[in-house]
Every structure is written in C-alpha cells, then in structure tokens.
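Below is one structure, written out as structure tokens, with a few remarks after it.
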Amino acid sequence: MTGHIKQLINKNPIIMKKKETNWFSHESTCHSSSQMLALIGKYGSAGYGNWWILVEILRQQDDYKYEISKKYSFGALTAATRLSEDEVKAFIHECIHEYDLLQSDGEYIWSDALLERMQHLEEKKAVLRERGRKGGIAKGVSYANKAEEDTCATENNTCAMPSVQKEIAHTVHNSTVQKNSDDDDERNKSISMSNNSSSTPFFNTLKEDTAPVNTLSTQLLQDELGFVAPLCTQFKFNSQRLGEWLNAFNQKLLLEGTTQKTAPDYRRHFLSWLKFQDVWNPPPRAAIKNTIAQPHRNSTMEELRAQRKAEEEEYEIRKAMQRQQNTHTGGC
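If you're matching positions, the sequence shown starts at 1 in this note's numbering and goes up one per residue.
Structure follows, in structure tokens:
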C-alpha cells in the first residue's frame with residue numbers, strides 16, 4: 001500500500017481498517033443462513049440492515065454485550081435504527097426467541113457468533129503482542145551485546161578473559177625469544193629502506209611523525225599501487241602530470257608557511273585541494289617549479305628574492321584560477 005493511499009485512509013473516517021478498534025469479521029454468506037432468510041422474509045432488507053446495526057453496536061461495547069434493563073437503553077437503539085422504541089423491542093425479541101440470532105439474560109443482549117469471532121480476534125492479537133514482545137527482547141539483547149562488544153574494543157580489550165590474555169602474552173613472548181640478531185638486522189634494514197622502496201605502501205610508516213612536504217610528495221609518487229595508479233585512473237592523467245600537481249601543492253604549502261606535515265594529513269590535504277583544480281591541464285608555470293627531491297644548498301640573496309617573486313606570482317595565479325572556477329560553478 002502506497003503512502004498516498006495510507007494518507008487517504010487516515011483522513012477518511014468512512015474507510016475502515018483492520019487495525020482500528022471497532023473492526024470485526026463476518027462470513028460473506030451470512031445473509032443466506034436459515035435464520036437470516038427468515039428475518040429477511042418478514043422485515044425485508046431493512047430488517048437485515050437493522051440486524052447489522054445491532055451487531056455493530058454490540059461490537060462497540062467493552063464486553064460485546066448491551067444492557068437493556070435501563071430506561072434509557074433503547075434510546076440509542078431507536079436513534080440508530082430509526083425505529084420506535086416498541087418496534088425496536090419487538091425486533092430484538094424476535095431475534096432472540098424466533099430467529100436465534102441474539103441471546104439475552106434479561107439484563108443484557110449479545111450475539112454468540114460475535115463473541116466467538118471477537119474471542120478469536122483477541123487471541124490473535126495476544127499472539128502478535130507476544131511475538132512483538134519477544135522480538136523486542138531479542139533486539140534489545142542484540143543491541144546490548146553489540147554495545148558490550150564496542151565497549152570492549154574501545155577499552156583496548158580490557159574485557160578479554162584472563163586465560164585468553166595469558167595465551168596471547170605467552171605466544172608473543174615465545175615469538176620474541178625466537179628472534180635472533182640476524183632477524184633484528186633484517187627488520188631494521190627493511191625499516192630504513194621503507195621511505196625509498198616503491199613496493200612499500202606509503203602509509204606503512206609512522207603516521208604521527210611529521211616530515212618535510214617535499215619528502216612526503218616523493219614518498220607518495222613512490223606508492224605506485226596505493227596512490228599513483230588510483231589517482232591517474234580517476235583523473236585520467238599520467239604520473240608526470242601528478243608530479244607536477246604535487247609540486248604545485250608543495251609551493252602552495254610553502255607560501256602559507258607550512259613546511260612539514262604528517263603523512264596522512266598531507267595526503268588528505270592534497271586530495272581535497274586537487275578536487276578544485278583544473279587537473280586536465282598542467283599547473284601554472286610558477287607552480288611547476290620542482291620541489292621534489294632537490295638537493296639542499298645555500299641560496300644567494302638574489303635567488304631568494306627571485307623565489308619570493310615567483311611565489312607571489314603563483315599565489316596570484318591560484319587566486320585567479322579559483323575565482324574563475326567559482327564563476328563557472330555558480331560560486332559553489
């Protein structure tokens with residue numbers, strides 16, 4: 001059922017839904033029973049309609065029984081059936097004693113057929129409520145277990161059983177004891193070569209250590225599988241163009257006074273910055289100046305002034321490119 005139809009049902013009081021309190025079922029062959037045929041034979045379709053009015057009124061009572069011993073009891077029935085009080089009393093009397101459609105103890109009237117249907121409905125509701133209760137309990141237990149697992153994880157495995165902790169400690173100890181000096185030398189050699197090896201992922205190094213931006217860009221270009229290939233595929237350029245944009249990014253950082261960053265921060269910052277660049281074209285000339293893996297030497301005053309001038313030109317170019325891009329994208 002679509003949301004539109006549900007809204008129509010909620011707004012229209014004439015449309016009855018099974019979820020509503022006053023709903024009840026009945027057989028589609030009710031009109032063809034012998035008792036009902038006899039009633040219709042005497043009262044016609046109006047009698048059939050008055051019978052269902054009585055049943056609907058019974059359905060609305062708390063115990064599905066209607067009190068007839070009070071003076072005002074028949075007032076509501078006459079208003080509902082548009083019959084006089086005497087006609088209502090006669091009709092009810094015949095439904096009880098002639099057609100066996102109603103039952104009475106002199107104080108209340110009821111319908112055994114309606115009571116049977118409502119008992120079945122109440123039992124069905126009870127089953128559904130119990131299923132919902134059990135489902136809620138199971139869901140609550142699941143949530144509690146998940147929360148407990150998360151708590152254990154964030155507390156650095158403090159919830160682990162002592163036996164498991166001892167087993168882990170024992171395994172680690174044995175593994176450490178079995179290491180010889182040759183293994184240590186090999187491990188140290190691997191660590192010292194990690195910054196220059198193209199087969200070593202860029203972020204296998206210590207993530208919290210800072211390094212010069214030139215060093216970080218060099219390491220990124222050496223990470224062929226984890227960085228170069230994915231970016232060249234995404235932006236459809238080659239590794240040379242990627243190196244030019246890394247140089248341009250380094251120039252931007254140097255202009256801002258940033259000379260060192262952590263490896264993760266450098267990568268995130270570069271990727272975020274690259275999204276706003278015209279990557280299908282080479283960077284502006286002032287930004288292409290190679291900053292990657294250049295040998296250090298003492299600069300003369302003239303060189304420093306020239307470098308400063310180039311940085312200022314590059315800064316102005318970047319501002320112009322940003323304004324142009326904002327114009328094309330509607331300022332977003």
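Even for Gly, the Cβ is constructed at its ideal location relative to N, Cα and C.
Margin query: For Gln103 and Glu56, what's the separation of their Cα atoms in angstroms?
Written below: Cα atoms of Gln103 and Glu56: separation of roughly 15 Å, rounded to the nearest angstrom.
Exercise for review: Count the other C-beta atoms from every protein chain shown that fall within 10 angstroms of the C-beta of Thr81, then say buried if there are 16 or more, exposed otherwise.
Suggested key: With 16 or more Cβ atoms within 10 Å of its Cβ, Thr81 is classed as buried.
Nearest-angstrom Cα distance between Asp137 and Glu149?
In the sequence on display, residue 137 carries Ile and not Asp. Taking the straight line from one Cα to the other gives about 18 Å.
Please report the distance separating the alpha-carbon of Met336 from that of Thr233.
Outside the displayed span of the chain (1 to 332) sits residue 336, for which this structure offers no information.
Helix, strand or coil for Tyr72? Go by DSSP, reduced to three states.
The DSSP-derived three-state label of Tyr72 is coil.
Quiz item: What did DSSP end up calling Thr336 once you bin it into helix, strand or coil?
Solution: Outside the displayed span of the chain (1 to 332) sits residue 336, for which this structure offers no information.
- Message: For Gln119, count the other beta carbons within 10 Å of its own beta carbon; 16 or more makes it buried, fewer makes it exposed. Which is it?
- Response: Counting of Cβ neighbours within 10 angstroms places Gln119 among the exposed residues, the total staying below 16.
Q. Going by other Cβ atoms of all chains shown within 10 Å of its Cβ, with 16 needed for buried, is Gly47 buried or exposed?
A. Label assigned to Gly47: buried.
inquiry  = Tell me the rounded alpha-carbon separation between Leu37 and Lys70.
reply    = As the crow flies, the alpha-carbon of Leu37 is around 31 Å from that of Lys70.
Quiz prompt | Whole-angstrom distance between Glu27 and Gln61, CA atom to CA atom | solution = Those two C-alpha atoms are separated by around 21 Å.
>> My output table needs one value for Ser104: the three-state DSSP class, helix, strand or coil.
In response: It is a strand residue.
Quiz prompt | Under 7 Å between C-beta atoms of Leu254 and Tyr315 | solution = Cβ distance not < 7 Å, so Leu254 and Tyr315 don't count as in contact.
Beta carbon of Leu115, beta carbon of Tyr64: below 7 Å? A Cβ-Cβ contact shorter than 7 Å links Leu115 with Tyr64.
- Message: Assuming Val213 and Tyr266 are in contact, meaning their beta carbons sit under 8 Å apart, how far apart are those beta carbons, in whole angstroms?
- Response: Contact between Val213 and Tyr266 holds, since their C-beta atoms are separated by about 7 Å, short of 8 Å.
Tell me the DSSP bridge mates of Lys261? Looking at the DSSP assignment, Lys261 forms a beta bridge with Ala211.
- Measuring CA to CA, which of Tyr143, Val141, Leu274, Ala306 is closest to Gln325? The residue with the shortest Cα to Cα distance from Gln325 is Leu274.
On the criterion of 16 or more Cβ atoms from any shown chain inside 10 Å, does Glu244 qualify as buried, or is it exposed? Label assigned to Glu244: buried.
**Prompt:** Quick one: what does DSSP say Trp110 is sitting in, helix, strand or coil?
**Reply:** In the structure shown, Trp110 sits in a strand (DSSP, three-state: E or B).
Taking all protein chains shown into account, decide if Ser111 is buried (16 or more other Cβ within 10 angstroms of its Cβ) or exposed.
The residue in question, Ser111, is buried, as its Cβ has 16 or more Cβ neighbours within 10 Å.
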